[in-house]
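Engineer: Structure incoming, see below.
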Amino acid sequence: MSTNNKLAIYGGKPVRKNYLPYGKQWLDDGDIQRVVNVLKGDYLTTGPTIGMFEKEIADYVGAKYAVAFSNGTAALHAACFAAGIGVGDEVITSPITFVASANCVLYMGGTPVFADINDQTYNIDPQEIERLITAKTKAIIPVDLTGLPANLDCIKEIAQKHKLIVIEDAAHALGAIYKDKKVGSLSDMTMFSFHPVKHITTGEGGIITTNKEEHYQRLIQFRNHGITRETNKLLDNHGPWYYEMQMLGYNYRITDIQAALGISQLSKLDNFIRTRKDYAQAYNAAFRDMEQIICPAELTDRISSWHLYIIRLNFDKLKVGRREIYEALLKENIGVNVHYIPVYYQPYYQGLGYFKGLCPKAEKLYEEMITLPLFPAMNWQDIKDVIDAVEKVISYYSYGD
Ligand SMILES: *Cc1c(COP(=O)(O)O)cnc(C)c1O
Numbered sequence: 055m056s057t058n059n060k061l062a063i064y065g066g067k068p069v070r071k072n073y074l075p076y077g078k079q080w081l082d083d084g085d086i087q088r089v090v091n092v093l094k095g096d097y098l099t100t101g102p103t104i105g106m107f108e109k110e111i112a113d114y115v116g117a118k119y120a121v122a123f124s125n126g127t128a129a130l131h132a133a134c135f136a137a138g139i140g141v142g143d144e145v146i147t148s149p150i151t152f153v154a155s156a157n158c159v160l161y162m163g164g165t166p167v168f169a170d171i172n173d174q175t176y177n178i179d180p181q182e183i184e185r186l187i188t189a190k191t192k193a194i195i196p197v198d199l200t201g202l203p204a205n206l207d208c209i210k211e212i213a214q215k216h217k218l219i220v221i222e223d224a225a226h227a228l229g230a231i232y233k234d235k236k237v238g239s240l241s242d243m244t245m246f247s248f249h250p251v252k253h254i255t256t257g258e259g260g261i262i263t264t265n266k267e268e269h270y271q272r273l274i275q276f277r278n279h280g281i282t283r284e285t286n287k288l289l290d291n292h293g294p295w296y297y298e299m300q301m302l303g304y305n306y307r308i309t310d311i312q313a314a315l316g317i318s319q320l321s322k323l324d325n326f327i328r329t330r331k332d333y334a335q336a337y338n339a340a341f342r343d344m345e346q347i348i349c350p351a352e353l354t355d356r357i358s359s360w361h362l363y364i365i366r367l368n369f370d371k372l373k374v375g376r377r378e379i380y381e382a383l384l385k386e387n388i389g390v391n392v393h394y395i396p397v398y399y400q401p402y403y404q405g406l407g408y409f410k411g412l413c414p415k416a417e418k419l420y421e422e423m424i425t426l427p428l429f430p431a432m433n434w435q436d437i438k439d440v441i442d443a444v445e446k447v448i449s450y451y452s453y454g455d
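Residue numbers (the numbering used here): 55 to 455.
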């Protein structure tokens, strides 16, 4: 074997000199100028830029209302509050997600129930949802993993049949399309995150979009300690200074500084997504014919926004496990990742009584998945490096013919 093919993990030359992360923000001078303008203005928080950002996101996704929060997790918490989730209520979600999708239920005293995934899309399986519905079920939190929308029509139908609220975790799916409609107007409430690895960033930040006025009002109040100053909502009125705290809310406000960054970033979103798609297609073209790798599913009725590119390893064709391949790719300076460890594997959830074996398909997927770098600030050389590294590592660990 030539020295070029010797894996970096065994002392060979890595495919690239410097480390390539799996995700990263794209900021330019225009973004910085928008933020500076707010810093020089009158309002750092609770000012007019927040409403402008909310209106732009609502318009972009085609929803009536949007309420921005300090982060996506706070937004999910608020959505669970607005949905009226409380002690004794069950909420069905996917185990293959970030812990926040289930933690928001725990914050309200509710019980997360994990439904297994579909093997092709890696999203929650509607049949599994139906199987788990009880008299206590109150809501469903589907996750649009990687930016590929979940089976939203089926989920909506189940929700209507059983009078459940759907809170869509679309942290990965800003700009994704389901049956010709943008994600963000299709569920009762939809959450987007603006963490730096997501499609657009505000540093930290999140938003709920909804078409329901009732949810909108509760979200607004929850974000600000449960306080209202709206005279038509007050139970009493002592004068112009008067406000009432009518429910237990939090300080989950976003700042005008962040909102300014969000507005500037949103103007670039469609270009960001186009670049992500081009890169994902390049990965598909490179890996499609490798029998050791299963590429992400593409469905005709929905268009992914390509937040993540996940390969699934076919261990019938490989001599080692996921860990060896993962570590070898890292040594080639490719910032691989795993999205996600099943939520109920976490020690906190194990302590609540969840057990391994609960969702066999999700658990099998977890053993076989690796996330490759994908973000718009990558260039074509970066993409080529990832492809070269994957081919190098996979061919080394494959069974010979
Ligand atoms: C990022 C993310 C969240 C949480 O968003 P934050 O803004 O980081 O709080 C929730 N769910 C999923 C699937 C995510 O990827």
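The beta-carbon is built from N, C-alpha and C at its ideal position, and this holds for glycine as well.
1. Since F326 and W80 are thought to touch, with beta carbons under 8 Å apart, how far apart are those beta carbons, to the nearest angstrom?
2. Hey, is M243 close to ligand 1, as in C-beta under 8 Å from one of its heavy atoms?
3. Take D234 as the anchor and find which of Q271, I388 and V115 has the nearest alpha-carbon.
4. Pick from L426, E422, Q312 and L362: whose alpha carbon is nearest that of P102?
5. If you measure from the CB of E108, is any heavy atom of ligand 1 nearer than 8 Å?
6. Look at the Cβ atom of Y232, then the Cβ atom of P203, and state whether they are nearer than 9 Å.
7. If you draw a straight line from the alpha carbon of M55 to that of G66, how long is it in whole angstroms?
8. What do you reckon, is the C-beta of E386 under 8 Å from a heavy atom of ligand 1?
9. Please determine whether the Cβ atom of A225 lies at a distance below 8 Å from any heavy atom of ligand 1.
10. Reducing DSSP to helix, strand and coil, say where P166 ends up.
11. By a C-beta neighbour count over all protein chains shown, 10 Å radius and 16 as the cutoff for buried, is L61 buried or exposed?
12. Since V220 contacts A213 with CB under 8 Å, what's their CB separation in whole angstroms?
13. Among A129, D439 and Q400, which residue has its Cα nearest to the Cα of G259?
14. Kindly list the residues whose CB is nearer than 6 Å to the CB of F135, restricted to its own chain and excluding five residues on each side of it in sequence; keep chain order.
15. Buried or exposed for G163, going by 16 or more other Cβ atoms inside 10 Å?
16. Would you call Y453 buried or exposed, if buried means 16 or more other Cβ atoms sit within 10 Å of its Cβ?
17. Would you grab the beta carbon distance between T200 and S358 for me? Rounded to a whole angstrom, and I think it's under 8 Å.
18. Excluding the 5 residues preceding and the 5 following E110 in the sequence, name in chain order all residues of the same chain whose CB lies nearer than 7 Å to its CB.
19. Measure how close the beta-carbons of L426 and Y304 come, nearest whole angstrom, since I'm counting them as under 8 Å.
20. Can you find a heavy atom of ligand 1 that lies under 8 Å from the Cβ of G163?
21. Alpha carbon to alpha carbon, how far is Y402 from D207? Give it in angstroms, no decimals.
Structural biologist: In short, the structure shows the following:
1. Numbered from 1 along the sequence shown, position 272 holds the residue referred to as residue 326. Numbered from 1 along the sequence shown, position 26 holds the residue referred to as residue 80. Indeed they touch by this definition, with Cβ atoms about 7 Å apart.
2. Here residue 243 is taken as the residue at index 189 of the sequence shown, counted from 1. No, the Cβ of M243 stays beyond 8 Å of every heavy atom of ligand 1.
3. Stepping through the sequence shown from its first residue, residue 234 is reached at position 180. Ranking Q271, I388 and V115 by Cα distance to D234 puts V115 first.
4. On the sequence shown, position 48 is the one that residue 102 refers to. Closest option to P102, Cα to Cα, is Q312.
5. Walking along the sequence shown from the start, residue 108 turns up at place 54. No, the beta carbon of E108 sits no closer than 8 Å to any heavy atom of ligand 1.
6. As a first step, residue 232 is located in the sequence shown; it is residue number 178 there, counting from the start. As a first step, residue 203 is located in the sequence shown; it is residue number 149 there, counting from the start. Yes, Cβ-Cβ distance for Y232 and P203 is below 9 Å.
7. As a working mapping, residue 55 is identified with position 1 in the sequence shown. As a working mapping, residue 66 is identified with position 12 in the sequence shown. Reliability of the predicted coordinates at M55 is poor, the pLDDT of 46 falling under 50, and the value obtained from them is presented with this limitation in mind. Each residue's alpha carbon lies about 11 Å from the other.
8. Along the sequence shown, one-based indexing puts residue 386 at 332. Not under cutoff, so the answer is no.
9. Position 171 of the sequence shown, counted from the start, is the residue given in the question as residue 225. Yes, ligand 1 has a heavy atom inside 8 Å of this Cβ.
10. On the sequence shown, position 112 is the one that residue 166 refers to. Strand, per DSSP.
11. Here residue 61 refers to the residue found at position 7 of the sequence shown. L61 is buried by the Cβ-count criterion.
12. Numbered from 1 along the sequence shown, position 166 holds the residue referred to as residue 220. Numbered from 1 along the sequence shown, position 159 holds the residue referred to as residue 213. Contact flag correct, Cβ pair sits at about 5 Å.
13. Taking the first residue of the sequence shown as 1, we reach residue 259 at position 205. Nearest of A129, D439 and Q400 to G259, Cα basis: A129.
14. As a first step, residue 135 is located in the sequence shown; it is residue number 81 there, counting from the start. Contacts found: F276.
15. As a first step, residue 163 is located in the sequence shown; it is residue number 109 there, counting from the start. G163 is exposed by the Cβ-count criterion.
16. What you label residue 453 is simply residue 399 of the sequence shown in a count that begins at 1. Y453 should be labelled exposed.
17. Start at 1 with the first residue of the sequence shown, and residue 200 comes out as number 146. Start at 1 with the first residue of the sequence shown, and residue 358 comes out as number 304. Right, the Cβ-Cβ distance comes to about 6 Å (below 8 Å), so this counts as a contact.
18. Here residue 110 is taken as the residue at index 56 of the sequence shown, counted from 1. Contacts found: I317 and L320.
19. Within the sequence shown, numbered from 1, the residue matching residue 426 stands at position 372. Within the sequence shown, numbered from 1, the residue matching residue 304 stands at position 250. In fact, because the Cβ distance is near 37 Å, the residues do not count as touching under 8 Å.
20. Residue mapping note: residue 163 aligns to position 109 of the sequence shown, counting from 1. False, no ligand heavy atom lies under 8 Å from that Cβ.
21. Locating residue 207 in the sequence shown gives position 153, counting from the first residue. Locating residue 402 in the sequence shown gives position 348, counting from the first residue. Looking at the two C-alpha atoms, the distance is approximately 33 Å.
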